[in-house]
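Working notes for the structure below.
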Amino acid sequence: MGQEPLANAEGESLTVEQAIENLRQTADIGLRYYAAWWLGRFRVAEPEAIEALVDALQDEGDRAPDGGYPLRRNAARALGKLGDRTVIPDLIRCLDCDDYYVREAAAQALESLGDPQAISALRGLLAGGVAAAAAVPDKPHLVQPYNAVLEALGTLGAVDAIEEIIPFLGHEVAQVQNAATRALYQLTGDGTYCDRLVERLQAPNLQLRRSAMMDLGAIGYLPAAGAIAATLAENSLKLIALQGVLESHLGQTGFPQARLTDEARQVLVLMDELL
Amino acid sequence: MGISRAGERLGVGATVAELIQAIETADSKGAMVVAVNCLAAAKDVAALPTLITVLGYNNPGAAVAAVEGLVALGHDAVPALLEQIDGYNYGARAWAIRAVALIGDPRALPVLLDTAKGDFALSVRRAAARGLGTIDWALLSAEQAASGQRDVLEVLTAATADLEWVVRYAAVAGLQNVAKALIDSHQKPPILLCLHQVFQHDETAAVQARARMALDALESPP
């Protein structure tokens with residue numbers, strides 16, 4: 001990467017060396033927090049960066065008013081983006097952290113890293129099933145990050161977990177239902193699961209429409225492209241969801257060696273309209 | 001509810017003044033959206049200042065409706081929109097960029113070039129890149145159009161290296177559109193070269209695919 005500073009969209013810039021140094025020092029909590037985000041954003045997968053991020057997963061210095069660990073959360077998110085599977089045991093340990101948001105970030109990172117060795121630890125967070133999956137009093141979240149866990153199990157191909165996942169289709173929180181639906185489609189290939197998500201694109205609640213749209217994008221369900229483009233939500237999110245649908249189709253059809261299919265062209269035309 | 005009341009009050013035959021009044025007295029976000037939609041549908045230049053004011057209300061539904069109304073007014077809306085873009089309200093500025101990009105008036109060229117180059121919000125860079133591809137060149141002299149296209153190609157080529165995939169995607173779509181309307185045919189080979197590079201090297205498959213589609217359209221015999 002050299003000394004060339006990389007700027008983010010806000011125009012702030014760092015060099016890789018500065019970012020790693022900022023993450024290693026402990027005097028300025030804000031600099032550490034930003035550096036962890038930055039290393040993930042710019043995909044800095046150098047060994048020094050990975051090592052500093054893994055160290056940050058144990059951080060005790062940066063505490064949120066709710067007792068959480070902001071730096072650990074950012075470090076886990078960054079590690080999910082860097083593609084280095086040697087950190088999986090460290091992320092698995094984060095699934096036991098007291099901080100819900102660290103557990104959530106770790107589950108999402110384990111999903112991104114795509115290694116099935118994380119499956120059994122993730123299944124552990126479903127212990128007690130739907131009956132145990134209640135809200136924490138006075139918190140805006142459930143006892144575990146069920147969405148992230150279910151999504152990760154789907155992506156990681158945890159077919160042994162299908163029986164545990166099915167009951168979550170009936171969880172009282174719609175986003176959890178969506179996550180279970182999406183995982184079951186990934187694990188079974190049964191398109192009727194996706195049709196439930198397509199119906200959600202008509203929900204009166206914007207958050208639900210957004211969530212269903214992003215799920216359809218994440219699993220790359222091509223028949224949903226038109227419905228995604230037409231739902232009432234921000235163009236920015238629709239473009240991300242359609243990108244997911246398109247890229248999944250491109251992967252299945254051998255692009256870029258193979259020519260673009262008519263289906264791919266149709267999705268591109270939908271995306272052009274949303275720019 | 002505000003929505004149904006606004007709907008009844010704004011039946012067919014309401015004057016522009018009544019429609020503007022309905023926006024000023026809307027008592028909920030939903031009622032505001034309905035009222036802005038009605039004013040936008042009137043397609044009357046007298047609605048222009050109000051539609052532009054709505055862009056600054058931080059009500060995305062109303063802003064979408066106002067942009068539609070401004071785009072329907074077309075070239076008549078451009079001077080006032082350009083004035084708004086110079087203003088300080090950032091949210092309104094983003095919507096105004098989107099509106100001028102959709103109208104395609106060459107008077108917006110300088111502001112679209114600046115925005116595609118350097119705006120900090122990726123959604124605004126994206127809209128500007130798209131707008132650079134849909135300028136109505138026929139409204140300029142051949143000389144002005146050729147010079148404008150040179151500037152556009154420079155900015156869009158640079159934007160194919162943006163950090164955000166969606167801006168690179170919009171730049172590719174913009175390049176394809178400019179290539180179809182070129183005054184100076186010598187500018188076509190560099191466009192094709194740039195698109196080939198994106199197709200071969202972009203890190204995002206969706207952007208590569210957009211470049212492939214552009215190349216298929218531009219390289220096939222007419």
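Line by line, the protein sequences are chains A and B.
Heads up: the first sequence begins at 1 in the UniProt record's numbering, then just goes up one per residue.
Heads up: the second sequence begins at 1 in the UniProt record's numbering, then just goes up one per residue.
Note that CB positions come from ideal geometry on N, CA and C, so glycine has one too.
In this structure, the alpha-carbon of GLU68 (chain B) lies about 51 angstroms from that of THR26 (chain A).
For SER123 (chain B), the nearest CB of chain A lies under 9 angstroms from its own CB, placing it at the interface with that chain.
Counting only runs of at least 4 residues, the stretch 187-216 of chain B fully encloses the following alpha helix (DSSP H) elements, listed from N- to C-terminal order: 188-201. Unbroken alpha helix (DSSP H) runs of no fewer than 4 residues, entirely contained in the stretch 178-243 of chain A, are found at 192-200, 206-219 and 225-230, following chain order. By the CB criterion at 9 angstroms, ALA92 (chain B) and ILE135 (chain B) fall outside the cutoff.
Look at the stretch 223-244 of chain A: the residues with a C-beta under 7 angstroms from a C-beta of chain B are SER236, LEU239 and GLN243.
Contact check for GLY191 (chain A) against TYR221 (chain A) passes: the beta carbons are separated by less than 9 angstroms.
The DSSP assignment places complete alpha helix (DSSP H) segments of no fewer than 4 residues inside the stretch 121-177 of chain A at 129-132, 146-155 and 162-165, in order along the chain.
Across the structure, VAL44 (chain A) and SER141 (chain B) are spaced so that their CA atoms are roughly 49 angstroms apart.
Under the three-state reduction of DSSP, LEU246 (chain A) is assigned to helix. One Cα belongs to ASP96 (chain A), the other to LEU169 (chain A), and the distance between them is close to 25 angstroms. Judged by DSSP in its simplified three-state form, LEU260 (chain A) adopts coil rather than helix or strand. Counting C-beta pairs closer than 8 angstroms gives fewer than three between the stretch 171-189 of chain B and the stretch 237-257 of chain A, which falls short of the contact rule.
The beta carbon of ARG210 (chain A) sits no closer than 9 angstroms to any beta carbon of chain B. Taking 9 angstroms as the cut-off, the beta carbon of ARG107 (chain B) is found no closer than this to the beta carbon of GLU164 (chain B). Listed in chain order, the non-local C-beta contacts of ARG212 (chain B) below 6 angstroms within the same chain comprise PHE199, local neighbours out to five positions each way being set aside.
Any Cβ of chain A closer than 9 angstroms to the Cβ of PRO79 (chain B) would place that residue at the interface, and such an atom is absent. Three or more Cβ pairs closer than 8 angstroms define a contact, and the stretch 174-181 of chain A falls short of that threshold against the stretch 99-112 of chain A. DSSP places SER13 (chain A) in the strand class (E or B) of the three-state scheme. Under a criterion of Cβ atoms nearer than 9 angstroms, the residues of chain A adjacent to ASP216 (chain B) are, in order, ARG259, LEU260 and ARG265. Here GLN257 (chain A) is exposed, its C-beta having fewer than 16 other C-beta atoms within 10 Å. Interface annotation for the stretch 156-174 of chain B against chain A: LEU163, GLU164, TRP165, VAL166, TYR169, ALA170 and ALA173, criterion Cβ-Cβ distance under 8 angstroms.
The beta carbons of LEU187 (chain A) and ALA161 (chain A) sit closer together than 9 angstroms. Separation of the CB atoms of MET213 (chain A) and LEU250 (chain A) is rounded to 19 angstroms, and the pair is thereby denied contact status at 8 angstroms.
Using a C-beta cut-off of 8 angstroms, the stretch 141-154 of chain B makes no contact with the stretch 95-104 of chain B, since fewer than three inter-stretch Cβ pairs fall below that distance. The Cβ of MET214 (chain A) sits no closer than 9 angstroms to any Cβ of chain B. In terms of beta-carbon proximity, GLN208 (chain B) lines the interface with chain A, with at least one pair separated by less than 9 angstroms. It is roughly 22 angstroms from the alpha-carbon of ARG85 (chain A) to the alpha-carbon of ASN147 (chain A). One finds LEU260, ARG265 and LEU268 in chain A with Cβ atoms closer than 7 angstroms to the Cβ of MET213 (chain B), taken in chain order.
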